[in-house]
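For the sequence shown, the residue numbers in mature numbering (1 follows the signal peptide of the UniProt record, and there is no 0) are -24 to -1, 1 to 584.
Even glycine gets a Cβ: it sits at the ideal position worked out from N, Cα and C.
None of the values given here were measured: they were computed from a predicted structure.
Here is the structure we will look at.
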Amino acid sequence: MRLNIPTTSWCWIGLLFLSAQVAASQQVIELREGFEKIPLKQNLTYTIDYTGGHTIADVRKHFRGTEIGDSYPSFKDTEHAHWLFFRIKNLSRSSQKVSLITKGIDSVQTYIAVAKGLAFAFAPTGSHTPIFRRNTVSPLLCTTFEMRPQTTYSVWVRLRNVNYRLSASPFDLYSYEAGARFLFRKHFFYSLYLGSMFLILLFGLALVYFFKEKIYWYYLGCVSCAALIMFVYNDFLYLLTNQLPTIVRNKNALGILSASVPVFYLLFAEKFLGITIKPQSWLFIASRSIIGLQYLIMAGLMLAGEALFDYRGIFYFSMFALSAITLYYLFAKIRTAPAKLFLAATFPVNVIVILETFSTLHQIPTQNIHDLYYATTLFELLLLTCGIVYRFRRSEMEKLRLQYEILDIEVETRTEIVDTIAHKLHDEAAGDLVLVKSKLGEMQRSDSISSEDWGAVFRWLDQAYNLVRDLSHKLEESQTRQPLIVKLTERFDGESKVAIDHEGLPLNTILDSNAEAILFNVVSEVITNALKHAQPRHIHAQLSYDAPFFEAIIEDDGRGFNPERARKNGNGYGLGKIKSRVQSLDGKMFIDSNRTGTVVIIKAKFET
């Protein structure tokens, strides 16, 4: 016999079956004597308040929950409030004080009912609530209440986030003592992180103040962004104010800081890895264009009153592009010690950033990712700080080595002059004086002295006098520094292939002694290398100085070479040493070489 059941009846049967399933799955969480922690993620149901006007009475009356499953509450990007529900029972024979702990939510409000009555209604808390007005003074959100023995409680929690993913983690129930220990551990970790970052920040400020190099400014930018992201996200701004600025409340501050991280790391990597960038190169133009466009778009959106979070796809693209350029630089220098250190420092934090970016594709709690981000960032900056110290020490050692080289050159030059003077005095002046002495002795023994005899004596005395006078002048010149252009001209005097011009660098211009010695060696080395290896017909050296900027352009028409290949093959013609000498003057060296010749440009900055 066939039963004719109306369609509406089937709907009611399905609804009753679904309600029974939800009720069965919504098991009561049992709290036994001595419990410490119970994760709630397997015992939660939720509903969405699309109107934003549901009261606790409305929710209790009409609640139809959806299971969350085996994960923390995570609802992707939504501005709608979500109501979570679970039931707990105190099985012990005494009252138990418990704490519900969560984090990363703008607004949290908890209601607790016993039977049909409302037992507790807690005031709203969350990141928009000043930290000193919360139930517990902490970046984490803690709701503590006391449960009577053998009593079942129904708990509703209203969550809402603005301009950020709605994800509550942790979302766990602790005993009061276990919750206090958990909060204490978190506070200790945050204090350790912020204290370490503060010390690194002071170190960066000291570097900027004393040395004023761009690399230290970029290093300071990396440290500042990392510290401020943690400071803002964990509500530490409430240490300074009871009302967050709008740019913080709408998450635009976090957006600006997050987008600035790859900018500073790119600029830092260029200096730290020793990347030589020509302003006309496509990488330089692309990176600076992306940086400028990124901040221009940010400014336009904020002026229009928009939230940057809603347009994060644009900034993901710019951040990815800048990170890709940084990786390109990194792998171009991967054989060097700074590149290996940079890779070891940045790899862990990049993995964490990828997990955060694609957080919708996995179930790792957001707050766990953030804690890992803080730990890896601290590790990263400590390693980079070690790299900065190593770089500074290496730079100082290089300067010391150059000073010794300069001293050796001066000693060698003076030794040559002394040897020349000694040779002249011994072989020429002494010879003339011996002749004079011999002639005078002969004249003394002679009865008649002719004018020719006196003429010979005076001639030999004049020769000795002129020789001693010339040697005296030469010795005086060796004690007085000669201009760079004069020394270079004398160095390559007689070399028909070499022409040296100067502009803004007159023959009487004396440069800084250290700079002069270094530049003399550098320019001489470049010209000598060209004569030795390039087989040129002509070499033209153009030196110019417009205080405080010095520039040397050495150009030849000989055989070109590949600087990178020569360096890798260990046949760099001393380019590494030349480059280190130029860098000791805070200068730069550019090489452009092909089969028609080579151009070397040296730029430095110093006062005369």
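Check, Outcome
"Note the first and the last residue of the continuous alpha helix (DSSP H) segment covering residue 284.", "Segment: none, residue 284 is in no alpha helix (DSSP H) and carries neither H nor E."
"With DSSP run on the structure shown, which of helix, strand or coil describes residue 140?", "coil"
"How big is the Cα-Cα spacing for residue 566 and residue 315?", "21 Å"
"Does DSSP classify residue 572 as helix, strand or coil?", "coil"
"Would you kindly work out how many angstroms separate the C-alpha atoms of residue 392 and residue 257, rounded to a whole number?", "47 Å"
"Helix, strand or coil for residue 497, going by three-state DSSP, please let me know.", "helix"
"Pull up the DSSP beta-bridge partners for residue 66, would you.", "7 and 127"
"Have a look at 369, 515, 311 and 110 and flag the residue whose alpha-carbon is nearest the alpha-carbon of residue 477.", "515"
"Which residue marks the beginning of the beta strand (DSSP E) containing residue 93, and which one marks its end?", "93 to 97"
"Can you tell me whether residue 578 is buried or exposed, with buried defined as 16 or more other CB within 10 angstroms of its CB?", "buried"
"Flag this pair as yes or no: are the beta carbons of residue 506 and residue 530 separated by less than 9 Å?", "yes"
"Just tell me which of 230, 226, 223 and 4 has its CA closest to the CA of residue 204.", "230"
"Please report the residue range of the alpha helix (DSSP H) in which residue 34 lies.", "32 to 38"
"Tell me whether the beta-carbon of residue 594 lies closer than 9 Å to the beta-carbon of residue 360.", "There is simply no residue 594 to check, as the chain begins at -24 and stops at 584 in what is shown."
"Cutting at 6 Å between CB atoms, please list the residues of its own chain near residue 470, excluding the five before and the five after it.", "none"
"Can you give me the C-alpha to C-alpha distance between residue 156 and residue 215, rounded to a whole angstrom?", "21 Å"
"Which residue or residues does DSSP assign as beta-bridge partners of residue 74?", "121 and 151"
"Using a Cβ-Cβ cut-off of 6 Å (strictly less than) and excluding sequence neighbours within five positions of residue 168, which residues of its own chain qualify?", "none"
"Please state the DSSP three-state secondary structure of residue 468.", "coil"
"Residue 574 to residue 442, Cα distance in whole Å?", "47 Å"
"Under DSSP, the beta strand (DSSP E) around residue 523 begins and ends at which residues?", "Note, residue 523: premise wrong, no beta strand (DSSP E); not H, not E."
"How many angstroms separate the CA atom of residue 585 from the CA atom of residue 84?", "It is not possible to answer for residue 585, since the shown part of the chain is limited to -24 through 584."
"Return the bridge partner residues of residue 562 from the DSSP annotation.", "Paired residue(s): none; residue 562 is not in a bridge."
"So, residue 201 versus residue 224, is the Cβ gap smaller than 9 Å?", "no"
"Whole-angstrom Cβ separation of residue 284 and residue 228, contact assumed at under 8 Å?", "5 Å"
"Take the Cβ of residue 211 as the centre, count every other Cβ of all protein chains shown within 10 Å, and call the residue buried at 16 or more, exposed below.", "buried"
"Is it the case that the Cβ atoms of residue 589 and residue 166 are separated by a distance below 9 Å?", "Nothing can be reported for residue 589: it is not among the residues displayed for the chain, which extend from -24 to 584."
"Should the region 113 to 127 be regarded as contacting the region 54 to 74, the criterion being three or more beta carbon pairs within less than 8 Å?", "yes"
"Ignoring anything shorter than 3 residues or poking outside the region 297 to 364, list the beta strand (DSSP E) runs there in chain order.", "none"
"Would you list the residues sitting across from residue 53 in a DSSP beta bridge?", "141"
"If you draw a straight line from the alpha carbon of residue 218 to that of residue 106, how long is it in whole angstroms?", "5 Å"
"Going by DSSP, what residue range makes up the beta strand (DSSP E) through residue 24?", "21 to 25"
"Would you give the residue range spanned by the beta strand (DSSP E) that residue 89 belongs to?", "83 to 90"
"Between the Cα of residue 33 and those of 43, 97, 45 and 44, spot the shortest distance and give me the residue it belongs to.", "97"
"Pick out whichever of 28, 35, 91 and 3 has its Cα sitting closest to the Cα of residue 20.", "3"
"Would you kindly work out how many angstroms separate the C-alpha atoms of residue 539 and residue 300, rounded to a whole number?", "25 Å"
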